[in-house]
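See below for the structure under consideration.
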Amino acid sequence: MHEIRAEFTFAAAHRLPRYQGKCVNLHGHNYKLEVTLRGEPDGYSGIFVDLGDVEKAVKEGILAKADHANLNDFIENPTAENVAAWCWSRLTGKLPGLYEVRIWEIPGFSVGYRGPEGFR
């Protein structure tokens, strides 16, 4: 089994309306997004996914909407957990072997999401 990890960054604002603390106020993050795919290369090309296809899916499905945006405009309660799940929903069915989407709001702390029922 091979694993491909692709990293992207985007800047976005959000507020956490259901949180009791300073994050209830509008603020921003420089997010790091990591997309992990798992699969086996085919016998002819030696690859299981074109890296350009991964980049295109992430740019069109996530970055075009989230970069320099207010996440509250399209994610009801944009916690790191919900942002990771939203990113997953934007990529599912578009990338073979989608295994995990991981989000960092700040360095050192991340949230991973593997779909509504986890990876099977």
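Going left to right, the sequence shown walks through residues 1 to 120 as my numbering numbers them. Cβ atoms here follow ideal geometry from the backbone N, Cα and C, with glycine treated the same way.
When DSSP builds the beta bridges, which residues end up paired with residue i?
i	result
residue 54	Bridge partners of residue 54: none, in fact.
residue 85	Answer is none; residue 85 lacks a bridge partner.
residue 69	12
residue 25	Per DSSP, none; premise fails for residue 25.
residue 30	11
Here's the rule: buried if 16 or more other CB atoms are within 10 angstroms of the residue's CB, otherwise exposed. What is residue i?
i	result
residue 27	exposed
residue 19	exposed
residue 47	exposed
residue 120	At residue 120, the pLDDT of 46 sits below 50, so the modelled position is not reliable and the matter cannot be decided from this model.
residue 31	buried
residue 10	buried
residue 51	exposed
With distances taken between CB atoms, is the gap from residue i to residue j smaller than 7 Å?
i	j	result
residue 101	residue 80	no
residue 49	residue 6	no
Less than 8 Å between the CB atoms is what I'm expecting for residue i and residue j, so what's the real figure, rounded?
i	j	result
residue 33	residue 103	6 Å
Check each candidate in the options and name the one with the smallest Cα separation from residue i.
i	options	result
residue 15	62, 51, 70, 59	70
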